[in-house]
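So the sequence shown is residues 20 to 275, counted in my numbering.
Written out below as structure tokens is the structure these notes cover.
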Amino acid sequence: MKYHSPVFINLNPYLIQNVHSMKNRMILLLLFFAAMVIITFACKKDPVLVPPVNYSFEEEFDTVSNSILRGWVIANNTKPIGTASWKQGLFYYENKKGTGDGFGALNVAYSGNDFIMTSSDCGFGTANCSNWLISPAMTVKNGDAISFFTRTYENPAAAADRLQVRLNTVNSASDVGIDSNSIGNFDKVLLDINPLLLLTGTNAYPGVWTKYTITISDIPVAKKTRIGFRYYVPDGGPTGINGLGVGIDKFQFTSN
């Protein structure tokens, strides 16, 4: 019987260390991926739906000074300019009703206690009236709506009135220039009441409180802008053939 000497395998200690190191790295890598999977599923929740901002507001003009504090702007570009601009309606009515210049006997504010109005006194003598009442800056888009009530003294009327509703298509500034023919950036006409300066009929200025509603279009992306009411009466003023006065009440902006 032959005797075989034992075989000794010499394992390099550095090789053993590298093997253990690779195992550790593999374990850490697997743990990392497992943690990422857990975190991913843990963080996967239903998306949070943020409701759209509602920019709606209302103005009843019960106190003109308070309306101005809320951001309304008055700009009288009438030439030659007169002694009055947009003013408190019932106060003017009470002071003018004995002279025949006030609204009729059935005059009341459409809502609240008062309204805002302008008259031929915005000009001096025979004037080209261009008296602006401009809304606060507001965010508008397609489908939003504007409504308001307005009236003149009577229909048939002794002198014709006209009111334009315009939109600033450029920015949210209230600048309308300084000339009676200037419009600033309010270049989009949304509504023109009685552009033909009629004295009577359905197309003349209404002699009772009448509601007008305008739906915004051509603004696919919401933007900040302003609406301008322009009392626009050529050959107006106290001695002109046109223009007595108009009132506005219960303005509403509805953000849809």
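Even for Gly, the Cβ is constructed at its ideal location relative to N, Cα and C.
Option nearest residue i by Cα separation, candidates the options
i                 : options                        : result
phenylalanine 167 : Asp180, Asn132, Tyr231         : Tyr231
glycine 101       : Asn132, Phe110, Cys148         : Cys148
arginine 185      : Leu218, Ala178, Asp194         : Asp194
threonine 171     : Asn190, Gly196, Asn213, Ser191 : Asn213
serine 199        : Ile260, Lys160, Gly259, Asn95  : Asn95
isoleucine 202    : Gly247, Arg89, Ala128, Pro71   : Gly247
proline 335       : Gly259, Thr158, Lys207         : The structure shown has nothing for residue 335, since the chain only spans 20 to 275.
isoleucine 93     : Tyr129, Ala176, Ala192         : Ala192
alanine 241       : Lys160, Asn261, Val252, Gly262 : Lys160
aspartate 163     : Gln183, Ile235, Phe143         : Ile235
alanine 128       : Ala179, Thr229, Arg89          : Thr229
glycine 264       : Trp91, Tyr251, Leu215          : Tyr251
Residues near residue i in its chain [Cβ-Cβ closer than 6 Å; skip 5 each side]
i              : result
alanine 146    : Thr97, Pro99, Gly255, Gly256
isoleucine 233 : Ile165, Leu209, Leu210
asparagine 187 : Asn204, Phe205, Thr244, Arg245
asparagine 132 : Asp81
lysine 116     : Residue placement at lysine 116 is flagged as unreliable, the pLDDT there being 47, under the threshold of 50; the coordinate-derived value follows with that caveat. Once the five neighbours on either side are set aside, lysine 116 has no close Cβ partner at all.
aspartate 120  : Unreliable positioning characterises aspartate 120 in this predicted model, as indicated by a pLDDT of 47, which lies under 50. A coordinate reading is not provided.
glycine 144    : Gly256, Thr258
Where the alpha helix (DSSP H) containing residue i begins and where it ends
i          : result
leucine 88 : 83-88
Paired residues, beta bridge with residue i - DSSP
i              : result
serine 166     : Thr232, Gln271
arginine 185   : Val208, Gly247
isoleucine 93  : Leu152
alanine 103    : Answer is none; alanine 103 lacks a bridge partner.
threonine 158  : Lys243
glycine 226    : DSSP, once it has assigned bridges, lists no residue as partnering glycine 226.
alanine 192    : Beta-bridge pairing links alanine 192 to no other residue.
valine 265     : Thr137
asparagine 174 : Note: asparagine 174 sits in no beta bridge, so no partner.
glycine 255    : Ala146
Same chain, Cβ closer than 8 Å to residue i, neighbours up to 5 away in sequence not counted
i              : result
isoleucine 135 : Phe80, Val83, Ser86, Trp105, Lys106, Gln107, Gly108, Leu152, Gly266, Ile267, Asp268
Cut-off 7 Å between Cβ atoms - residues of its own chain near residue i, not counting five sequence neighbours on either side
i                : result
phenylalanine 76 : Phe272
tyrosine 103     : The sequence given here has alanine at residue 103, not tyrosine. Hits under 7 Å: Ser138, Asp140, Cys141.
asparagine 174   : Thr219, Ala223, Tyr224, Pro225, Gly226
lysine 207       : Arg185, Leu186, Thr188
Span of the beta strand (DSSP E) around residue i
i                : result
valine 240       : It is not in any beta strand (DSSP E) - valine 240 carries neither H nor E in the DSSP assignment.
phenylalanine 80 : No beta strand (DSSP E) contains phenylalanine 80, which DSSP labels as neither H nor E.
isoleucine 202   : Looking at the DSSP string, isoleucine 202 is not in any beta strand (DSSP E), and its letter there is neither H nor E.
threonine 137    : 135-138
Residue i classed as buried or exposed, judged by whether at least 16 other C-beta atoms fall within 10 angstroms
i                 : result
threonine 118     : Low confidence applies to threonine 118: its pLDDT is 47, below 50, so where it sits in the model is not reliable enough to give any reading.
arginine 249      : buried
aspartate 237     : exposed
proline 225       : buried
threonine 169     : buried
alanine 177       : exposed
phenylalanine 110 : exposed
asparagine 150    : buried
glycine 262       : buried
leucine 215       : exposed
is_contact[residue i, chain D] using C-beta, thresh 8 Å
i           : result
proline 239 : No chain D is present in this structure, which holds just one protein chain.
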